[in-house]
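Visitor:
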Amino acid sequence: MSDTASAAPAAAAILTELLLYEGRTDDAWEAAVTLGPSRPMWMTLARQRETTSPGDSITIYESQALAIINRKKPNQYKVAVDLMDRIRHLAPAAGEPHRFGAFLQRVRTEHKPKRRLMAEIDKMGWHHDAA
């Protein structure tokens, strides 16, 4: 890997973090979309945009929840379910009240064999038709 290629993720993270520090959340978002920062930076951006752009936050949380689930590490399923709960709270503010229900159904359908994941979801008391 070239020095330039290995420096790109670090540069993306630094630029995104600097823009966030300056309160330029929209510019930070654009930089992230263009440059692709690390997972922790995406999560920081998602939290920053929850009130101003909840749909963007939901997109990140969905992606991260699925990535965690797909790692197939049962001890991390609670983290994925916590992200799903954030989605549930943000969906109405994003003008997409049914988005959580659709995502929940997708997770239940695609990952049904993962008993520990299903148990974590069931602990939340969410129904199959949650909205």
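The numbering used here puts the first residue of the sequence shown at 5, with every later residue one more than the last. For each residue, glycine too, the CB sits at the ideal point set by N, CA and C.
Examine the Cβ distances between the region 35-46 and the region 78-85 and report whether three or more of them are shorter than 8 Å.
Guide: no
Visitor: Answer yes or no: do V85 and E124 have a C-beta to C-beta separation smaller than 8 Å?
Guide: Yes. Within cutoff.
Visitor: Does the region 58-66 come close enough to the region 13-20 that 3 or more CB-CB pairs lie under 8 Å?
Guide: no
Visitor: Exposed or buried, what is E26 when buried is set at 16 or more other beta-carbons lying within 10 Å of its beta-carbon?
Guide: Exposed.
Visitor: Do I64 and V111 have their beta-carbon atoms positioned less than 8 Å apart in this structure?
Guide: Against a cut-off of 8 Å, the Cβ pair of I64 and V111 comes out as no contact.
Visitor: Is it right to say A32 is buried, meaning 16 or more other beta carbons lie within 10 angstroms of its own, or is it exposed?
Guide: buried
Visitor: Beta-carbon within less than 7 Å of L87's beta-carbon, same chain only, minus the 5 sequence neighbours each way: which residues are those?
Guide: Apart from the 5 residues on each side of it in sequence, L87 sits with its Cβ closer than 7 Å to the Cβ of Y65, Q68, A69 in its chain, given in chain order.
Visitor: Write down the C-beta distance between I62 and A106 rounded to the nearest angstrom, noting that I regard them as a contact closer than 8 Å.
Guide: The pair is not a contact, with the Cβ atoms about 11 Å apart (cut-off 8 Å).
Visitor: Can you tell me whether R53 is buried or exposed? The criterion is at least 16 other CB atoms within 10 Å of its CB, across all chains shown.
Guide: buried
Visitor: How long is the line joining the alpha carbons of M45 and D126, rounded to whole angstroms?
Guide: 30 Å
Visitor: Between K118 and the rest of its own chain, which residues show a CB-CB distance below 8 Å, the 5 nearest in sequence each way excluded?
Guide: I73, K76, P78, Y81
Visitor: For the candidate residues T48, A15, M47, V83, whose alpha-carbon lies nearest to that of R120?
Guide: V83
Visitor: Are the beta-carbon atoms of T48 and L24 separated by less than 8 Å?
Guide: yes
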